[in-house]
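According to the working numbering, the sequence shown holds residues -14 to 416 in order.
The C-beta atom is built at its ideal place from N, Cα and C for all residues, glycine as well.
Remember, it's a predicted structure, so these values are computed and weren't measured experimentally.
To keep things clear, I will list the structure first and then write my remarks on it.
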Amino acid sequence: MKLRPFELALVVIFALLFIGALILLRMYEASPAENVTNVGTVTIWGPLPEESFSSLLSGISETDEGLRNVNYYYVAPERFDDSFLNALADQKGPDLVLISHESLVKHRSRLQPVPYENLPQRDFRNTYIDGAAIFTLGDGQYGSPIMVDPLVMYWNRDILATNGFLTAPITWEEIVADTVPTITIKDYNRNIQRSALAMGEYDNVKNAFSILSLLALQGGSAMVLENSGYTIRLDEVVSGGGRPFTNAVKFFTNFSNTGNTLYSWNRSLNLDRDRFLSEDLAIYFGFASEGREIEEKNPNLSFDIAEVPQGEAATVKRTYGNFYSLIPTKTSKNKAGAFSVMQIIGNPTNTKFLADGYNMVPVHRTLLAQGSNDIFGRVSYSSAVTARGWLNPDISETNQTFSQMLSEINSNRQDLESSLQDALGRLQQLY
C-alpha cells in the first residue's frame, strides 16, 4: 500500500520518537532515593532470642530500604563461643556480634575496637552510664553499648508478710539479724524445709557468680586491672586496706555452713529459682530480665522486686550488671556497613526498643533520666545506675573455678584462704 506524503511523515516522526525514547531509557539511571542508608549486607549474631532484635530491624528497614539486608541470627548461649570460632575459621563469621561484657576478654582478639580519635572518651562518659565503661579498653571503645541487665532481689510478699515483714530487707545486717533467722524453717534433723535466701553453694544457685561479684564490688574490690594485660585484683580494694573477695566468700559460705546460725542452704536442694517459684525460698537474687519469666511460670506467685541489699555503713551503692554491646568483628567483609549499622542500632530510640524487648535497661544517660513506670522497670532503672561488671577471662572457666573453690571450702578439703588463693591463681593463668 502506497502511503501518502502526510502519512509517511507521521510514520517517520513516530519512529524517531520511539528510537529517542529507547535511547533515553538506556541512558537513564535512577537517582538514589532520599533517606536511604546503603549499608549492603550485614549479619549480626547474638546470644539473645531473635524476636525483639528482628522486630527492630523490620521496623527500621520499613523507613530505610537500605537496611533490608541487615539480619540478626540467634545462637544459643551454650553454643555461641564454639559457633563463633568455627564460623571465623571457615571465613563465614558475622559482621557484628551482640555480646555481654562477660565474653569480651575471651573474644577481644576477634573484635574491632573503635579508636578514641573517632569516639572520644569524654563523649562516651557523657552518653553512657558509668558501668558501660567496661567496653572502653586500652586500644579503644568496643562497639556501641546497648543495655544492661542488673542483678536485683525478688521477694515473696506472702512469706515476708506472714512473718511480719512489710517490705523487703534493705541491708545485709537486716538479713542476718532478722530475715534469715525468722523465715528459715528446719525440721528436728536440721533438714531445710524453707530457706530465706540461697547462698553458700555454687551449682544450685543460678546466679552464684554474679552474687559473689556483687559482694566483692560492695566491698570495694578493684576487680581486674587492664593495661598491657590483665591483673586480678579481686581481693584488693580500690583505695585503703581490706580483702573484699575474701570477705565476700566468707559471707557467702556462712549460709551453707551447718554450724552457723545463718545455715539456710545446702547442695541437696533444687535450683534456687525453682524453689522460689514453688514458694520454698523467700528471696531470690536474679537479673531484671527474669521478672517477666518468673511471672509467666507461676502466675499465682505473689512476689515483688527490690534493689539488692547494701551494707549498713555503705556510702556508695553497688550491684552487679550484665552489660551488652554491639561490636564489629575484625573479619567482617563489610566493615563500613557494619559500623553504620552499629551506630544506627546504638541510637537512643533503638536501644530503648531493644532494652524493653529483652526486659533490660538501656545504658544511655538520657533514657535513664526519663525513668520507668513499669512494675519491674522502676527498680531495674535505679539498679542499672549502680551496676558494674568485671573483665573475667572466660565465664565458663570462671564458673568452674569458683565452683571448685566453694566445693573445697564446704567439704573442708581445703581451708578458705588456700582455696581462694588457688582460685585466683587459676583465673590469672586464664588471661
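Asked, Found
"Taking only three categories from DSSP, how would you classify G125?", "strand"
"Counting only the same chain and skipping the five closest in sequence on each side, list residues whose C-beta sits under 7 Å from that of T156.", "P294, Q295, G296 and E297"
"Can you grab the Cα-Cα spacing for the pair G271 / G356, in whole Å?", "21 Å"
"Can you name the start and end residues of the beta strand (DSSP E) that E35 belongs to?", "Counting along the chain, E35 falls outside any beta strand (DSSP E), though it belongs to the alpha helix (DSSP H) covering E35 to T48."
"Look up I119 in the DSSP assignment and say whether it is helix, strand or coil.", "helix"
"Please list the terminal residues of the continuous alpha helix (DSSP H) segment that includes R303.", "Counting along the chain, R303 falls outside any alpha helix (DSSP H), and DSSP gives it neither H nor E."
"Where does L412 fall in DSSP's three states?", "helix"
"Based on Cα-Cα distance, which residue from N242, G51, P154 and G214 lies nearest to G322?", "G51"
"Rounded to the nearest angstrom, what separates F361 and D75 at their Cα positions?", "43 Å"
"What does R218 pair with, by DSSP beta-bridge criteria?", "M208"
"Does DSSP classify D289 as helix, strand or coil?", "strand"
"Under three-state DSSP, which class holds S368?", "helix"
"According to DSSP, is S274 helix, strand or coil?", "helix"
"Hey, would you say I114 sits closer than 8 Å to V370, going by beta carbons?", "yes"
"Would you tell me roughly how many angstroms separate the C-alpha atoms of T383 and T48, rounded to the nearest one?", "44 Å"
"Determine whether the beta carbon atoms of K235 and Q97 lie at a separation below 8 Å.", "no"
"I'd like the list of long-range same chain contacts for N283, defined as Cβ closer than 6 Å, with 5 residues on each side in sequence excluded.", "L262"
"Taking the alpha-carbon positions, what's the V346 to F230 distance?", "27 Å"
"Looking at A340 and I144, is the spacing between their C-beta atoms short of 8 Å?", "no"
"Have a look at P79 and L256 and give me their C-alpha separation to the nearest angstrom.", "35 Å"
"Taking all protein chains shown into account, do 16 or more other C-beta atoms lie within 10 angstroms of the C-beta of M57, making it buried, or fewer, making it exposed?", "The identity of residue 57 in the sequence shown is Tyr, whereas the question assumes Met. With 16 or more Cβ atoms within 10 Å of its Cβ, Y57 is classed as buried."
"Which residues in the same chain as S85 place their Cβ atom closer than 7 Å to its Cβ, once the five residues preceding and following it in sequence are excluded?", "N307, F308 and Y309"
"What residue from I394, A299 and P313 has the CA that sits closest to E158's CA?", "A299"
"For I45, which residues of its own chain have a beta-carbon under 6 Å away from its beta-carbon, when the five flanking residues on both sides are left out?", "L52"
"Going by beta carbon distance, what residues of the same chain come within less than 6 Å of V99, once the five residues before and after it are set aside?", "G125 and Q126"
"Since H349 sits in a beta bridge, which residues does DSSP pair it with?", "Y113"
"For E211 and I380, I'd like the C-alpha separation in whole angstroms.", "17 Å"
"Could you pull the start and end residues of the alpha helix (DSSP H) that R260 belongs to?", "D257 to L262"
"Helix, strand or coil: how does DSSP classify L339 here?", "helix"
"Does DSSP classify Q178 as helix, strand or coil?", "strand"
"Just confirm the distance between the C-beta atoms of I290 and V209, as a whole number of angstroms; I'd bet it's less than 8 Å.", "About 29 Å; that fails the 8 Å criterion."
"Span of the alpha helix (DSSP H) holding I376?", "For the sequence presented, residue 376 should be read as Leu rather than Ile. Where L376 is concerned, there is no enclosing alpha helix (DSSP H), given that its DSSP letter is neither H nor E."
"If you run the structure through DSSP and keep just helix, strand and coil, what is S88?", "helix"
"Could you give the first and the last residue of the continuous beta strand (DSSP E) run that contains I29?", "V27 to G31"
"Does DSSP put I360 in a helix, a strand or coil?", "coil"
"In whole angstroms, what separates the C-alpha of S367 from that of R252?", "33 Å"
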